[in-house]
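Working notes, beginning with the structure itself.
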Amino acid sequence: ASATGTIQWQRADDLAFTANVTNVGTNSTTLTSAQVGALTATKYFRAVVTNGTCSSVNSAIITVNVDAPSAVGAVSANQTICSGSSPADLTIASATGTIQWQRADDLAFTTNVTNVGTNSTTLTSAQVGALTATRYFRAVVTNGTCSSVNSAIITVNVDAPSAVGAVSANQTICSASAPTDLTIASATGTIQWQRADDLAFTANVTNVGTNSTTLTSAQVGALTA
């Protein structure tokens, strides 16, 4: 605020002013930002004022605390789950700063961005909850006054539930002949037709045709039972 005498600003690495004491600015009540320069560790500043032949006096010490840059480690892998279920826990390997997990409806994080878990490297399955559509997750890490950094994005892909439509009618055929084509009306997912010797599908279950809503007469072949 004021000084009687000449002014010598000093910087030190410790509060006791015993480590790396350096003169950094003279004869002004202000030590400018430019004179201080960029800092990568906490430093301590004081003004030493001397008037003529009188003993010097030191100002109170100004501490400039320096936060480490915000940092975030690698994320866990993307996942694919069935609609209505929850993913496994999502994780980041490490963080420098406080952690805020976020969820979004799009990869660009512009739609329905929501905070879903704070200050842990793990976003638990319970915190995510059951999902019915693909969602995107990231951790935002902020250390003190430093700018935030975002983790890589974890995508949780959500598959629609498996579904199958109505089947074609039962048939009765003569031994050693083949039935007409068997069909399902629709399917959500890949298709694997199966044949069995009993209605409970416990005896001689065999895969007989894949990935078509029709099991052809030729695929079934001639039947004797």
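Here the working numbering runs 424 ahead of the position in the sequence shown, where the first position is 1. Built from N, CA and C at the ideal position, the CB exists for glycine as well. No experiment lies behind these values; they were computed from the predicted model shown.
Here the region 498-506 makes no contact with the region 454-470; the two share fewer than three CB pairs at distances below 8 Å. Residue environment for T634: exposed (fewer than 16 other C-beta atoms within 10 angstroms of its C-beta). Looking at the DSSP output, S483 bridges to nothing. In the structure shown, A620 adopts coil according to DSSP, grouped into three states. Under the three-state reduction of DSSP, A642 is assigned to helix. The Cβ atoms of S549 and A602 do not sit closer than 8 Å to each other. Rounded to whole angstroms, the gap between the alpha carbons of N489 and G429 is 29 Å.
For A576, the secondary structure class from DSSP, reduced to helix, strand or coil, is coil. Taking S507 as the centre and dropping the five residues before and after it, the same chain places the C-beta of T556, V582, A584, P585 closer than 6 Å to its C-beta, in chain order. Note on the region 467-531: whole beta strand (DSSP E) runs with a minimum of 3 residues are 467-474, 486-488, 503-506, 522-528, in chain order. If you compare the alpha carbons of T612, S483, T607 with that of Q643, the shortest gap goes to T607. Here V629 is exposed, its C-beta having fewer than 16 other C-beta atoms within 10 Å.
Per DSSP, Q434 lies in no alpha helix (DSSP H); the unbroken beta strand (DSSP E) holding it starts and ends at 430-436.
Under the DSSP assignment, A550 falls in the alpha helix (DSSP H) whose first and last residues are 549-552. Take the alpha-carbon of V481 and the one of R470: they are about 10 Å apart. In this structure, S494 lies away from S544, with their beta-carbon atoms at least 8 Å apart.
Bounds of the beta strand (DSSP E) holding A563 are 559-566. Taking S452 as reference, the option from T446, L463, V472 with the minimal CA-CA separation is V472. If you look at V448, you'll find it in the beta strand (DSSP E) that goes 446-450.
The region 508-521 makes no contact with the region 532-540: fewer than 3 CB pairs, one atom from each, lie closer than 8 Å.
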